[in-house]
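Following: one structure in structure tokens, then a few remarks.
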Amino acid sequence: MKLTFLGTSAGMPTTERNVTALALAIDDARQWYLVDCGEGTQHQLLRCRYTLNNLKTIFITHVHGDHMYGLPGLITSASMQGRQAPLTICAPDGVRQFVEAALHYADVLELPFSIEFIRSDQSAFHYQDTWVAVTAHQLSHRVPSFAYRFAEKTLSTQLNIQQLTALSVPRGELWGLLQKGQTITLEDGRTILPEQVLQPPPASRVAIIAGDNDKPELLIDALQGSHLLVHEATLTEAALQKAGPVWMHSSARMVAEAAEASGVPNLILTHFSGRYQRSAKAGANSIHALKAEAETYYSGNTGMARDFSTWVVDRDGRLVEAD
Ligand SMILES: [Zn+2]
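Our numbering applies: residue 1 is where the sequence shown begins, and numbers increase by one.
In structure tokens form, the structure reads like this:
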């Protein structure tokens with residue numbers, strides 16, 4: 001499971017960081033997923049290996065512009081590149097209306113591919129395809145905002161020979177069918193299900209990618225069994241106290257405390273206010289100050305997202321920053 005941050009700034013871009021977007025890929029699958037699409041996301045993608053043709057599904061956490069203004073341009077560029085595969089967009093109410101209005105008034109009358117919108121703010125929301133199963137978890141923000149929990153779907157392809165022998169399944173074609181996940185019927189009328197004769201699948205990796213939120217503790221239940229939380233830390237606790245609760249964001253401390261309470265082993269903070277700079281010389285206004293605060297309250301592994309930084313959750317559930 002690989003994550004590349006395409007934008008890590010809150011509200012407005014800075015010279016170091018674009019507004020929010022994140023690419024998620026499952027190992028070597030060509031398809032990838034986009035979580036949020038702030039303005040200029042398509043420009044960021046020009047510097048990555050992710051192509052608009054292989055983009056499988058877009059997930060939008062909430063309707064604020066720094067999380068979705070990039071959609072009309074990205075969709076139009078996909079069209080100009082000749083994309084034909086249908087595109088799914090999972091998003092709360094409002095995103096569909098915004099995209100349709102933008103395309104309509106920009107005279108984009110017809111796209112060469114269809115867009116399926118799925119409302120993620122409805123309780124029955126559940127997305128799945130060959131590679132992932134995704135659920136949405138409500139957060140607390142000025143507009144409905146959600147976290148998406150991505151659980152990798154793992155397939156077992158290893159046969160349990162002992163079990164096949166015990167069930168007297170004749171070696172050959174039938175073994176191949178079971179390995180492909182098909183149910184078979186033996187000559188004596190018995191039905192054998194693939195799950196009876198396949199080894200347990202490898203452990204599934206789970207990552208939660210959250211939208212803007214001022215109550216990270218809302219995610220504690222969903223974090224059970226997860227390997228990674230990606231969450232906004234817009235300000236330090238001191239700066240948040242000064243700004244007041246009106247913007248409904250989290251401090252690094254708030255996220256760290258919730259992550260610690262949940263037991264999730266890895267945390268990546270992102271969506272930093274424009275005041276924070278990469279250089280440690282900026283003191284209280286540096287990303288280092290946010291990191292130090294998080295590490296005071298969280299004993300797991302803390303990463304600070306930078307634009308184009310790439311992180312891998314390996315098969316053992318460890319988080320490693322890739323080159
Ligand atoms: Zn935001």
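Ideal Cβ positions, reconstructed from N, Cα and C, are used throughout, including at glycine.
Item checked: Integer-rounded CB distance, given that F272 should sit under 8 Å from A10 -> Here residue 10 corresponds to residue number 10 of the sequence shown, with the count starting at 1. Here residue 272 corresponds to residue number 272 of the sequence shown, with the count starting at 1. 6 Å between Cβ atoms; contact.
Notebook entry, point to check: Ordered along the chain, which non-local residues of its own chain (more than five positions away) have a Cβ less than 7 Å from that of G82?
Noted result: Here the question's residue 82 lines up with position 82 in the sequence shown. So the list reads P112, once near-sequence residues are dropped.
Item checked: One or two residues paired with E152 in a DSSP bridge -> To locate residue 152, count along the sequence shown from 1; it is residue 152. DSSP, once it has assigned bridges, lists V132 as partnering E152.
Notebook entry, point to check: Rounded to a whole number of angstroms, what is the C-alpha to C-alpha distance between R17 and A322?
Noted result: Position 17 of the sequence shown, counted from the first residue, corresponds to residue 17. Position 322 of the sequence shown, counted from the first residue, corresponds to residue 322. Approximately 19 Å, taken between the alpha carbons.
Next item on the list: Give a single yes or no on whether H104 has its beta carbon closer than 7 Å to a heavy atom of ligand 1.
Entry: To locate residue 104, count along the sequence shown from 1; it is residue 104. H104: no, Cβ never under 7 Å from ligand 1.
Next item on the list: Rounded to whole angstroms, what's the CA-CA distance from N53 to A85? Just pull it up for me.
Entry: Residue mapping note: residue 53 aligns to position 53 of the sequence shown, counting from 1. Residue mapping note: residue 85 aligns to position 85 of the sequence shown, counting from 1. Whole-angstrom Cα-Cα distance: 8 Å.
Notebook entry, point to check: Does the distance from the C-beta atom of H141 to that of G211 stay below 8 Å?
Noted result: To locate residue 141, count along the sequence shown from 1; it is residue 141. To locate residue 211, count along the sequence shown from 1; it is residue 211. A contact, by the Cβ cut-off of 8 Å.
Notebook entry, point to check: In whole angstroms, what separates the C-alpha of S352 from that of R149?
Noted result: As shown, the chain starts at 1 and ends at 323. That puts residue 352 outside it, with no answer to give.
Next item on the list: For M80, count neighbouring C-beta atoms within 10 Å of its own C-beta (all shown protein chains included) and say buried if the count is 16 or more, exposed if not.
Entry: For the purposes of this step, residue 80 is taken as residue 80 along the sequence shown, with counting starting at 1. Looking at its Cβ environment, which holds fewer than 16 other Cβ atoms inside 10 Å, M80 is exposed.
Check: Can you tell me where the alpha helix (DSSP H) with Y276 in it begins and where it stops?
Finding: In the sequence shown, residue 276 corresponds to position 276, counting from 1. Taken as a continuous stretch (DSSP letters only), Y276 belongs to no alpha helix (DSSP H), as it is neither H nor E.
Next item on the list: State yes or no: is the C-beta of D307 within less than 8 Å of the C-beta of L6?
Entry: Sequence index remark: in the sequence shown, residue 307 carries index 307 (1-based). Sequence index remark: in the sequence shown, residue 6 carries index 6 (1-based). Result yes, Cβ atoms of D307 and L6 sit closer than 8 Å.
Check: Rounded C-beta distance between H67 and T20? I'm assuming under 8 Å.
Finding: As a position in the sequence shown, residue 67 is number 67, starting the count at 1. As a position in the sequence shown, residue 20 is number 20, starting the count at 1. Contact flag correct, Cβ pair sits at about 5 Å.
Next item on the list: Identify the continuous beta strand (DSSP E) that holds T4 and give its terminal residues.
Entry: Here residue 4 refers to the residue found at position 4 of the sequence shown. Element bounds for T4: K2 to G7.
Notebook entry, point to check: Cβ of G303 versus every heavy atom of ligand 1: is any distance shorter than 7 Å?
Noted result: Position 303 of the sequence shown, counting from 1, holds the residue named residue 303. It does not: the Cβ of G303 is nowhere closer than 7 Å to a heavy atom of ligand 1.
Note to self: Given a cut-off of 8 Å on the beta-carbon distance, is the pair M1 and A207 in contact?
What the structure shows: Numbered from 1 along the sequence shown, position 1 holds the residue referred to as residue 1. Numbered from 1 along the sequence shown, position 207 holds the residue referred to as residue 207. Taking 8 Å as the Cβ cut-off, M1 and A207 qualify as a contacting pair.
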